[in-house]
């Protein structure tokens, strides 16, 4: 759902840019509360993983494909504020290095793919987790539903933006129907990928999954016919599998991302994604503009002057994963250090006042 330059007019693009910048600023502050020494590197890995999986377009209908958006996955794994930043880092890398998603449309894409998907998915996820039994399976089920709904929500958000600032005169009713219809199908793929990934991490290190924190129930005692918390009850010790080093989890995730981007991506569907298909069928793309960095050495996910398509795409994917994990990890470690720096003076003050 990467919107290119020319689909949305300049005033609307500028307005979404302001919204995106504000959301990123809020997320930078919010992420300080979500990140610690374990989750900061994990957040960079999540960004790289989303980049890799977005290269794997899967068929959803005749002549149409889809790919992961990633907002739900990022929010559940590392928190909603950090999730917005993860997807934003991916979109920035894709726009600057790979000519994927217009630069003037960066605000549109961040609003649709980072903000809307993350907010909708995490709000629904938290609601479902409160209603469902407090188990790891419930987290996986809630992840599936939240991811599924987040994709058509982003499609509706794009339709609204197009209604306000679209550059061509098309039937908005038909566009909305087509966008939501195809993105419900894409949402199923998003839901499967999200649930499988969240379930895999929970099986190994549930403590690293932000959305699974606090699932352990305290021991209850029945007193005078009522259930009360047992005094001094300790939570269950983590199973052996859950004690796997977070470094091993990080290494396994990085290797998986490199394999997906460097090898599996060659077998991805070549059909246009949902937005591209709807844009072509309904004339939204009539005023599409060439990307500002269309001559980038990595444009269209290939390495310039490398003639072998498999090698070119694989190298581009590996470079993309590497750049994204470095950029993402740098951002999140910086945010983490700011949290530590901000906490120190208040801690000192608190100790002095006592």
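In the UniProt record's numbering, the protein residues as written are 1 to 354. Using N, Cα and C, we set each Cβ at its ideal position, and we do this for glycine too.
When only Cα atoms are considered, residue 14 and residue 112 end up about 14 Å apart. Remark: fewer than three beta-carbon pairs, one from each stretch, lie closer than 8 Å, so the segment 126 to 142 and the segment 44 to 59 are not flagged as touching. Separation of residue 17 and residue 84 (C-alpha to C-alpha, rounded to the nearest whole angstrom) is 14 Å. The Cβ-Cβ distance between residue 279 and residue 285 falls below 7 Å. With a cutoff of 7 Å on beta-carbon distance, residue 81 and residue 27 are scored as near each other. Distance between residue 49 and residue 263, taken at the CA atoms: about 14 Å. Sequence-distant partners of residue 100 (beyond 5 residues in either direction) whose C-beta falls short of 6 Å from its own C-beta, in its chain, are 2, 94. Taken through DSSP and simplified to helix, strand or coil, residue 61 comes out as strand. According to the DSSP assignment, residue 22 belongs to the alpha helix (DSSP H) that extends over 10 to 34. Between residue 88 and residue 271, the gap from beta carbon to beta carbon reaches 7 Å or more.
In this structure, the CA atom of residue 335 is about 43 Å from the CA atom of residue 281.
Setting aside the 5 residues that flank it on each side, residue 249 is surrounded in the same chain by 42, 201, 204, 205, 208, each with a C-beta closer than 8 Å to its C-beta; the list follows chain order. For residue 257, the uninterrupted alpha helix (DSSP H) run begins and ends at 246 to 262, by DSSP. The distance from the Cβ of residue 277 to that of residue 63 is about 7 Å, consistent with a contact at the 8 Å cut-off.
Rounded to whole angstroms, the Cβ separation of residue 19 and residue 167 is 19 Å, and the two are not in contact under 8 Å.
Distance from the CA atom of residue 38 to the CA atom of residue 210, rounded to whole angstroms, is 11 Å. Taking the C-beta atoms as reference points, residue 116 is found no nearer than 7 Å to residue 155. Going by DSSP, residue 282 is part of the alpha helix (DSSP H) stretching over 274 to 282.
Only exposed fits residue 164, as fewer than 16 other CB atoms lie within 10 angstroms of its CB.
Under DSSP, the beta-bridge partners assigned to residue 166 are 8.
Counting only the Cα atoms, residue 106 lies some 20 Å from residue 321.
Counting along the chain, the unbroken alpha helix (DSSP H) around residue 109 starts and ends at 106 to 109. The three-state secondary structure of residue 328, taken from DSSP, is helix. Straight through space, the alpha carbons of residue 274 and residue 160 are spaced by roughly 16 Å. Residues 45, 48, 321, 325 of the same chain have their beta carbon placed closer than 8 Å to that of residue 254, with the five preceding and five following residues left out of the count. It is roughly 7 Å from the alpha-carbon of residue 69 to the alpha-carbon of residue 190. Restricting attention to alpha helix (DSSP H) runs no shorter than 4 residues, the segment 105 to 156 encloses them at 106 to 109, 117 to 131, ordered along the chain. The residues 2, 3, 91, 101, in chain order, have a CB closer than 7 Å to that of residue 109 in the same chain once the five nearest residues on each side in sequence are set aside. In this structure, DSSP gives residue 66 an extended state, which the three-state scheme calls strand.
Non-local C-beta neighbours of residue 316 in its own chain, meaning closer than 6 Å and more than five positions away in sequence, comprise 298, 301, 302, 303, ordered along the chain. Taking the C-beta atoms as reference points, residue 194 is found nearer than 7 Å to residue 147. With a contact defined as Cβ atoms closer than 8 Å, residue 215 and residue 134 qualify at about 5 Å. Residue burial is scored here from C-beta neighbours: residue 313 has at least 16 other C-beta atoms within 10 angstroms and is therefore classed as buried.
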